[in-house]
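Novice: Here UniProt numbering is used: position 122 in the sequence shown is 122, and no number is missing along the way.
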Amino acid sequence: MEMTYFMNLLEMRRFRKHRMIFSILTIILILSLYSFIRKDKRENNVGTYEWKTILLYNSFFDIKGWEFGIGSEPFKTKKCRYNKCIITHDRNLIKASDAVVFHIADLERDKPKFRFPHQRWVFFQMESTINQRNFEYKNWNGLFNWTMTYRRDSDIHIRYGAVLPTSDIKDMYYHHSSNDMSLNVTKKTKLLAWMVSNCKTQGRREALVKQIEVYVPVDIYGKCSNGKLTCPKNKSAHDRQYDCFTMLGNKYKFHLAVENSLCKDYVTEKLFNTMTYGMVPIVYGDVDYSELLPPHSYIDITKFNSAGELAKFLTELDKDDARYEEYFAWKKKYTAFSYSDSYHLSWCDLCEKLHTNTTPKVYEDIDRWWNKDTDCVNPRQLMKSWKI
């Protein structure tokens, strides 16, 4: 009987031990599962966030999805930090939309009849103010909550491209294509190219180029070339641009990245494409390029007193490969992002802002913010010695 008692006691202790081990393992499993779920939510930033609907109210040069895409898939494929957003063109969904985006360049007098309190109305513009004077901005005062433009003081900054320190690129939704060409100076047999589609501009860049042509040849591609020089043909606009800049990068040492307007923060994709595709950009704009680009990575037209002086400098670099290659030393520490690498970021930012920003905001005078607060320089003042 005593033996039976000890056997039962031993069995009970063994049972308690097993139960304790089981309890500990269960707790570990629960904690691990909880940690995994929290990590998954943190990485995907979806958690319990509700879906947000973004209505593209009008057209964007007849491009479906405004170069970003329709539905929710673009936010996932572009690896946006917040991806629970849906883009639509369907105006029947205006009441359910969290953001209504208006492309100012294509906007007529087609204002929505109602404005729902929960919505953010977004002012979207990629062209400079000087090229969009006919829009009746005052009729929209007090209606826009956010601005989405090329200006760096916008609520959502549209990036035409970027050059960033490679060590600082930690953002998972910054994409980099394989377009960044390795430098091969021996293949570059031509001096200077200009890809251009707007032939008469506020910035008078066409007058500058005519003066440069007196001293060195400028090969012009695009709508202003009179058909003399053409890019590789491709059905897709994106692929056409890729093929064209690839061809230019293989042949030419320099590319004229000159802006059509001399306005605050107005720097377009041709600058960043030039750097991505292996050419030295010759820049012209009302911009402090030292804030945007690495030192000794570009040539600023405004620093030269005449076209002859600029042409002489380019000719000297053309004859000296070592000096020319110094303009690519930035590649050791920086990475260039073209327009196609960067444009999606603004839509990622809009989605994130819809999920995280609840602070009320309204532009009582959008006319003043866009037109009067955007300084556009007279080119004749900027380039006095050139006499354009």
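We put the CB at the ideal spot given by N, CA and C, even for glycine.
#1: Does the beta-carbon of K41 have 16 or more other beta-carbons within 10 angstroms, so that it is buried, or is it exposed?
#2: Do the stretch 310-327 and the stretch 54-72 meet, that is, are 3 or more Cβ pairs less than 8 Å apart?
#3: What residues in its chain sit with their C-beta under 8 Å from that of G249, if we drop five residues either side in the sequence?
#4: Quick one: grab the DSSP three-state call for Y57.
#5: Just the Cα atoms here: how many angstroms apart are N139 and Q119?
#6: Between which two residues does the alpha helix (DSSP H) containing C351 stretch?
#7: If you drop the 5 nearest sequence neighbours on each side, which residues of the same chain put their C-beta closer than 8 Å to that of F272?
#8: Quick check: the Cα distance between W51 and S97, rounded to an integer number of angstroms?
#9: Since P165 sits in a beta bridge, which residues does DSSP pair it with?
#10: Specify the secondary structure class of K200 as computed by DSSP and reduced to three states.
#11: Specify whether the stretch 196-208 and the stretch 260-275 touch according to this definition: at least 3 beta carbon pairs, one from each stretch, less than 8 Å apart.
#12: Beta strand (DSSP E) containing R323: first to last residue?
#13: Three-state secondary structure (DSSP) at W146?
#14: For K233, which residues of its own chain have a beta-carbon under 8 Å away from its beta-carbon, when the five flanking residues on both sides are left out?
#15: What do you reckon, are the CB atoms on F144 and W121 nearer than 7 Å?
#16: Using the C-alpha atoms, what's the distance from K353 back to M247?
#17: With a threshold of 6 Å, establish whether the CB of S340 neighbours any heavy atom of the ligand ZN.
#18: What number of angstroms, rounded off, separates the C-alpha of H255 from the C-alpha of K84?
#19: Could you give the distance in angstroms between the alpha-carbon of L191 and the alpha-carbon of P217?
#20: What's the gap between the Cα of G69 and the Cα of P165?
#21: From F114 to W386, what does the alpha carbon distance come to, in whole angstroms?
#22: Alpha carbon to alpha carbon, how far is M383 from E73? Give it in angstroms, no decimals.
#23: Can you round the beta-carbon distance between G227 and V196 to whole angstroms, since I take them to be within the 8 Å contact cut?
#24: Give the single residue among N184, V100, E206, T356 whose Cα lies nearest to the Cα of Y284.
#25: Checking 7 Å against the spacing of the C-beta atoms, do Y266 and S154 come in under that value?
#26: Would you call I37 buried or exposed, if buried means 16 or more other Cβ atoms sit within 10 Å of its Cβ?
#27: For the alpha helix (DSSP H) containing I94, name the first residue and the last one.
#28: For the stretch 228-268, list the beta strand (DSSP E) runs that are entirely contained and at least 3 residues long, ordered along the chain.
#29: Got a sec, what are the start and stop residues for the beta strand (DSSP E) F124 sits in?
#30: Going along the chain, which residues of its own chain have a beta-carbon closer than 6 Å to the beta-carbon of A193, five neighbours each way excluded?
#31: A207 lies in the alpha helix (DSSP H); which residues open and close that run?
#32: If you draw a straight line from the alpha carbon of I388 to that of D168, how long is it in whole angstroms?
Specialist: On the basis of the supplied data:
#1: For this step, residue 41 is matched to residue 41 along the sequence shown. Any reading at K41 needs caution, since the residue's pLDDT is 38, under 50, leaving its predicted position unreliable; the model's value is listed next. Exposed, since its Cβ has fewer than 16 Cβ neighbours within 10 Å.
#2: no
#3: Here residue 249 is taken as the residue at index 249 of the sequence shown, counted from 1. Cβ within range, chain order: M181, Y277, G278, M279.
#4: Position 57 of the sequence shown, counted from the first residue, corresponds to residue 57. It is coil, neither helix nor strand.
#5: Position 139 of the sequence shown holds residue 139. Position 119 of the sequence shown holds residue 119. Looking at the two C-alpha atoms, the distance is approximately 19 Å.
#6: Along the sequence shown, read from residue 1 onward, the residue named residue 351 stands at position 351. From DSSP, the alpha helix (DSSP H) with C351 extends over 344-356.
#7: Within the sequence shown, numbered from 1, the residue matching residue 272 stands at position 272. For F272, where only same-chain residues beyond five positions count, the Cβ hits under 8 Å are Y160, G161, A162, V163, A336, F337, S338, Y339, S342.
#8: Start at 1 with the first residue of the sequence shown, and residue 51 comes out as number 51. Start at 1 with the first residue of the sequence shown, and residue 97 comes out as number 97. When rounded, the distance between both Cα atoms is 10 Å.
#9: Here the question's residue 165 lines up with position 165 in the sequence shown. In DSSP, P165 forms a bridge with Y334.
#10: Taking the sequence shown and counting its residues from 1, one reaches residue 200 at position 200. K200 falls in the coil class under three-state DSSP.
#11: yes
#12: Stepping through the sequence shown from its first residue, residue 323 is reached at position 323. Careful: R323 lies outside any beta strand (DSSP E), inside the alpha helix (DSSP H) at 321-325.
#13: Counting from one through the sequence shown, the residue named residue 146 turns up at place 146. The answer is strand: DSSP assigns W146 an E or B state.
#14: Here residue 233 refers to the residue found at position 233 of the sequence shown. Contacts found: R240.
#15: By 1-based counting over the sequence shown, the position of residue 144 is 144. By 1-based counting over the sequence shown, the position of residue 121 is 121. In this structure, W121 lies closer than 7 Å to F144 by Cβ.
#16: Within the sequence shown, the letter at position 247 stands for residue 247. Within the sequence shown, the letter at position 353 stands for residue 353. So the two alpha carbons sit approximately 39 Å from each other.
#17: You won't find the ligand ZN in this model; it holds no ligand whatsoever.
#18: Your numbering for residue 255 matches position 255 in the sequence shown. Your numbering for residue 84 matches position 84 in the sequence shown. Those two C-alpha atoms are separated by around 40 Å.
#19: Reading the sequence shown from its first residue, position 191 is the one you call residue 191. Reading the sequence shown from its first residue, position 217 is the one you call residue 217. Computed Cα separation, rounded: 8 Å.
#20: On the sequence shown, residue 69 is found 69 positions in, with the first residue counted as 1. On the sequence shown, residue 165 is found 165 positions in, with the first residue counted as 1. Computed Cα separation, rounded: 29 Å.
#21: Here residue 114 corresponds to residue number 114 of the sequence shown, with the count starting at 1. Here residue 386 corresponds to residue number 386 of the sequence shown, with the count starting at 1. If I take the Cα positions, the gap works out to 52 Å.
#22: Looking up residue 73 in the sequence shown gives position 73. Looking up residue 383 in the sequence shown gives position 383. Distance between the alpha carbons of E73 and M383 is about 47 Å.
#23: What you label residue 227 is simply residue 227 of the sequence shown in a count that begins at 1. What you label residue 196 is simply residue 196 of the sequence shown in a count that begins at 1. Not really, about 14 Å apart at Cβ, beyond 8 Å.
#24: Here residue 284 is taken as the residue at index 284 of the sequence shown, counted from 1. Checking every option, the nearest Cα to that of Y284 belongs to E206.
#25: As a position in the sequence shown, residue 266 is number 266, starting the count at 1. As a position in the sequence shown, residue 154 is number 154, starting the count at 1. Result no, Cβ atoms of Y266 and S154 do not sit closer than 7 Å.
#26: By one-based count along the sequence shown, residue 37 stands at place 37. Because I37 sits at a pLDDT of 34, beneath the cut-off of 50, its placement in the model cannot be relied upon, and the point is left open.
#27: Looking up residue 94 in the sequence shown gives position 94. Taken as a continuous stretch (DSSP letters only), I94 belongs to no alpha helix (DSSP H), as it is neither H nor E.
#28: 252-258
#29: As a working note, residue 124 is residue 124 in the sequence shown. 120-125 is the span of the beta strand (DSSP E), which, as asked, contains F124.
#30: In the sequence shown, residue 193 corresponds to position 193, counting from 1. So the list reads D219, L248, Y252, H255, once near-sequence residues are dropped.
#31: For the purposes of this step, residue 207 is taken as the residue at position 207 of the sequence shown. Unbroken alpha helix (DSSP H) run through A207: 205-213.
#32: Within the sequence shown, numbered from 1, the residue matching residue 388 stands at position 388. Within the sequence shown, numbered from 1, the residue matching residue 168 stands at position 168. Distance between the alpha carbons of I388 and D168 is about 41 Å.
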